[in-house]
Every structure is written in structure tokens, then in C-alpha cells.
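Residue numbers (our numbering): 0 to 652.
Beta carbons: idealized from backbone N, C-alpha and C, even for Gly.
What follows is a set of notes on a single structure, which appears directly below.
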Ligand code: GLU
């Protein structure tokens, strides 16, 4: 039970309607409070959600890339999220003296409403947290789990005995739905680091769900692309589609009283109200569905039970922290592969001088990356992904090779890996390093676009970097009580073995599927070389390319001196191993026409043997960097121009 909930469990929903406006006491600077949590436009400041000109929550068609975004600078607190209304909810919590974790709870509740294609209470979340008081860095694991009844064939056969057709449609059946972890994890983090009452943090989302919000460009696209799948679920149809089955359009006002009700139960009863009782029963009923409402054929039910939900445990895990030049970078340990992969990439790159390879010229969008800079980073990524693909899975089930993380991040090992990089020729496909007792692991399946990243700093100096997901856009398309259920189990390998033996990332009862999510925190080292002050929080959605998005943002800020917006905006590039190197063609500094034949970066990489793919890279990076303005500490933030997010805080400019 949430300790901060205890006294307040009886608060009525009506009493939750408005956030109490406490005075900014410790830490904050009230001279900035007047325009805090508003956006600054040429015509003055605008309240987000007011509908006034300049309000970033006014729906507009989604664009591949919004040119001209500038870093936002604030005095003491800041939120970046992928939706203006969610950012506003978090910022108001911080303005009111709440902690970074308090704000994360409020942001997540709103994201589940306004960006349901990407995250929500029916999904899973990883959170990195820095406690400015104790200086401790903590990783929180709210990853979904496979049900206790799952066997290694859970995703590919209806039963172990019947391996023939009908085969389950893993993506959009009950089989892909993992036991959600987000709510339990947030409750755990809030117990550890919350300052505000848990119940109060749900008020903004409940209010918006009851009163309605307008469908944004990206949500409209997500609904439009999924209409036939949503038609299979009567509750999803009723919410996302018009009566004639067509998708609800951009700008339509959506009200979600069922979600308001679910959040109200969680607000009053804590996570138990989600994992037991009527909400849990609705989740199980939905996972058990066997027929499509639109007659599209049978749906394979999942085997999740009420006991699976009641037994779900979030975990506090030891973060993956490693030195990179004069900084320490901390990330998410398994079951995510993100922290280890980012640390390996940086550890390999430490063996090269990257600063002279900065983009030329640097501009407001980050600038034009150099051929040699992209080459080196992509090669380091090939080597890191080779290890990731071979070795990393849920370490509660499958140990890492060698001595685990220390072996994979050993400086000598990474130096030896770096020596495999040629300055004149791409390695193509890198092989994993050799370790004693290593087990092979297959690749996960499926396209991933259902994720969101949130970065938060509060006035006390605490930091949250949180990546939250339902896996694919709109998850499994199963919808109950106003929220989407994830399809996270497709991050497992559906095949339990290959020619070389058992696959580490195979399905098993209660196991967590391997992730690529990489919420990241960067610290300056002190003179003794140990982790010192907080410097940077970042992360992104993007499936397995998350690792590349985070690596370029970190290198952009640390090695190339880009500000939070430039590093976030910077061209996305990199490789997940194999001959292909991505160069994000959506970026204004990349000429992707005619397959990039007129772009010197693309041409230069091809000359080094890279197979260059200039397809759009749909990152959703959110970055906060601690800096100083006019001699005083300040924060700068950048939201990804490829998505809809904004930065808010006690803004200086
Ligand atoms: N489910 C993916 C993971 O955990 C993330 C999907 C996405 O970024 O859209 O790595």
C-alpha cells in the first residue's frame, strides 16, 4: 500500500479536481513563477491547453520534422514529454513543489489519454532516477511479464500439443499481452521519492478525460492506420472510430469517462485498484476474447490470470553506470539491452577523438554530421549490437556471459573491440565478442512505434528519465476501461531456439521480454574521477533504434557541444549491425532525394562500404541539460521536432 495514499484514500474525486497551489518554498525561485509552465511566443506567454493562438496543444497534421525549434531555458525545474498537455500536467506539479517522480506520475496519466498509441497504464515502463539528496542513482523496472502459464511456444502455437494452424496472430491477440508494469512501478518510485499525495497527481488527467481533448496529428495517424484492427474490439471501435467504422479525425474532441474512472480508482486505491478487483477482471476478460467484433476471424486468447496480475512485482535494479571521458553515463540494466549497448558504444568511442568530427556546419537543427563521425559511431554501434543481439535478455532467467556487465563493459575488452574498426571500410556485420559460458540469443520480432520518453528535473535537483511503452502503435488493439493493452511479449523471440541452440530471449513463465529502451542520465565526473553533478537526462522511443537515437544525442551534447535542442534535433544515424547504416532522411540537413546521391554524407558513407538507408527515423528524444545562465545554474531542454512534444518549466527564455 502506498504510504502517501493512506490518509487520503477517502478523498472524493470532486476534491481532486484542482491541484492545490502551494507556495514555492525550498529550492524554487518565485520570480519566475508568474510565467512558469506557459509557452513563450512573439505575442507573449500562452497557457498550454487554453486554445489561444500559439497554444501548442492545438491539433495540426503531423509533420515529419518541425524546423526551427529552440532550446528552452529555465531556472530550476523542467519537463519534456511528447505531448503538450502531458508536459503541462507535469510542470504544474513541479511548480506546486512536487518532485520529479510526482510529475512523472501526472505526465504518465495524461499520456495514457492523449497519446494512447504510445504508452499507458496497460503497458510497461523503465525509469532512471537521481536523488539529489542522497546522490543515489536508481533504476526502476516496470517491464511487462509473460503469464505464469506461458511456455516457450506461447507466441507461435495455440497449444504446445497443436503446433499446426491456426497459428496465433502474436501482435493482435491475447498472446502478445504482457502483465502491465507501469502502475506498480510508478507506485514503488512514488513511495521512494514522492512528495505530493498520490491521489492528487491523477487530477489533471481525470479532468481532461472527463472534459475532453482534441485528437492530435499523430494520434489521428495512429487511429487511421489501425482502423480495421480497432474494429475487431467493440470498446476500441466505440472510442476511436465513428459509428460507420471510419477513424475519428484530427481535431475531434475525445472524452474518455472510462479512463477517468480507472484513474479515479487508482488515485484512491493505489496500484491495488488496478491489479485486483474489477479493473483486473476487465483486463483478464479482454485478454480472453476469442472472436472479432467485425467478423474478421478468431482471436487467440492469452493465458494471463488474475493471479498473474496480483503477483506482478516491479523491481529496483542496479543501474548500468560507466565512465565516458570526463563523464559518467548511467542507463537501464536488463531486461533492457539499452543501458549496456549505449555504454559499450561510448566505451568503444572513447578510443577515438570525436570532438574534431563534430557536424560542419553546426546549425539550429544540430548541423551536418561528418562522414568520419557517422562512420565511427555506426561502427561502434555494429559491435555493440552484435553483443546485444547475442547475449542480452532477462538476467533473472538467463545470465550474461563472462562475469556479466563488468565483462561486457571492461575497458580492455572495449579497446580490443575498438581496434576492429577500420577508418576506411565498414565492418558490415560485426561478430559478438567471445566469452566463456555464453548462450546465443535470437532477434525480437515486429515493428515498434508505441513508446514515449519523458525527462524531468525538479526544483530540488532530483531527476527522472523515463521511457514508457505499449510496444507497437496502439499495442495489441485490445481496449478496456478506457486504456490500451500492450503487445510487449512480441519483444520475445517467438522461436525458442535456432541452429546454435536455445535462444536466451525465448518466452518463459513470468519472464520479461528484452527491451531496447534506454532512459539515460549523464553526470560530470569530479576531480577524483568519480560521478559528480547531474548534467543531462535523455531517452527516446524507436524500438531497437532507440540505442542509436540515444547515442547520437549523448555524443552530440558531450563531444560536440550541442545544446539540448540541437542534440535532440541532430540527424539520426547509426547501425543495428549488418551492412545497413541509417541516415534519417526526414532531417532538413539531409538530402534524401534520389536515394541520397546528391548528399555528401550519404555518398561518403557509401564510399566506405556502408549500405545507406535514408528512410525517416521517427525518434522522440526528450533532453534536459544542466547549464548556467548569467552566472546562475539553469536547465535547458529540447523536444524532438519529429514528434509533438514540448518543454516547460520556470522558464527564463
Ligand atoms: N518495445 C520496445 C522496447 O522495449 C520499444 C518500442 C518502441 O520504441 O516503440 O524496446
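At the C-beta level, residue 372 and residue 356 come within 9 Å of one another.
In the three-state reduction of the DSSP assignment, residue 285 falls in the helix class.
For residue 391, the secondary structure class from DSSP, reduced to helix, strand or coil, is coil. Of the residues assessed, residue 82 falls on the buried side of the cut-off, its CB having 16 or more other CB atoms within 10 angstroms. Contact between residue 320 and residue 511 is ruled out by a C-beta separation of about 21 Å, above the 8 Å threshold.
Judged by their CB atoms, residue 546 and residue 383 are nearer to each other than the 9 Å cut-off.
In this structure, the straight-line span from the alpha carbon of residue 452 to that of residue 110 is close to 10 Å. In this structure, the beta-carbon distance from residue 556 to residue 550 does not fall below 9 Å. Shown here for residue 61: same chain residues with a beta carbon closer than 6 Å to its own, the five before and five after excluded, namely 216, 217 and 220 in chain order. Setting aside the 5 residues that flank it on each side, residue 652 is surrounded in the same chain by 72, each with a C-beta closer than 6 Å to its C-beta; the list follows chain order.
In the DSSP annotation of this structure, the continuous segment of the alpha helix (DSSP H) that includes residue 567 starts and ends at 563-568. Under DSSP, the beta-bridge partners assigned to residue 631 are 628. For the pair residue 353 and residue 416, the Cα-to-Cα distance works out to about 17 Å. DSSP places residue 478 in no alpha helix (DSSP H) but in the uninterrupted beta strand (DSSP E) bounded by 477-479. Beta-bridge annotation (DSSP): residue 65 is not paired with any residue.
In the DSSP assignment, residue 297 forms a beta bridge with 290. Note that the C-beta distance between residue 305 and residue 173 is not below 9 Å. Here the distance from the Cβ of residue 540 to the nearest heavy atom of the ligand GLU is below 8 Å. Relative to the non-hydrogen atoms of the ligand GLU, the Cβ of residue 652 never comes closer than 8 Å to any of them. Under the 10 Å beta carbon count, residue 410 is surrounded by fewer than 16 other beta carbons and is classified as exposed. Three or more beta-carbon pairs separated by less than 8 Å link the segment 379-398 to the segment 416-431, which places the two stretches in contact. Ranked by Cα distance from residue 251, the first of 268, 211 and 257 is 211. DSSP places residue 452 inside the beta strand (DSSP E), whose first and last residues are 449-456. Shown here, residue 73 sits in a strand according to DSSP, grouped into three states.
The secondary-structure analysis by DSSP pairs residue 514 across a beta bridge with 335.
Residue environment for residue 310: exposed (fewer than 16 other C-beta atoms within 10 angstroms of its C-beta).
Taken in chain order, the complete alpha helix (DSSP H) segments of 4 residues or longer contained in the segment 324-377 are 337-348. The residue among 600, 182 and 95 with its C-alpha nearest the C-alpha of residue 457 is 95. Relative to the non-hydrogen atoms of the ligand GLU, the Cβ of residue 450 comes within a distance shorter than 8 Å of at least one.
Take residue 608, set aside five residues on each side of it, and the residues of its chain with a beta-carbon closer than 6 Å to its own are 424 and 425, in chain order. Boundaries of the alpha helix (DSSP H) around residue 257: 256-268. No Cβ-Cβ contact shorter than 9 Å links residue 131 with residue 449. In this structure, residue 516 has its beta carbon less than 8 Å from a heavy atom of the ligand GLU.
In this structure, residue 618 lies near residue 548, with their beta-carbon atoms less than 9 Å apart. Checking the 8 Å criterion, the Cβ of residue 181 is out of range of every heavy atom belonging to the ligand GLU. The beta carbon of residue 543 sits closer than 8 Å to at least one heavy atom of the ligand GLU.
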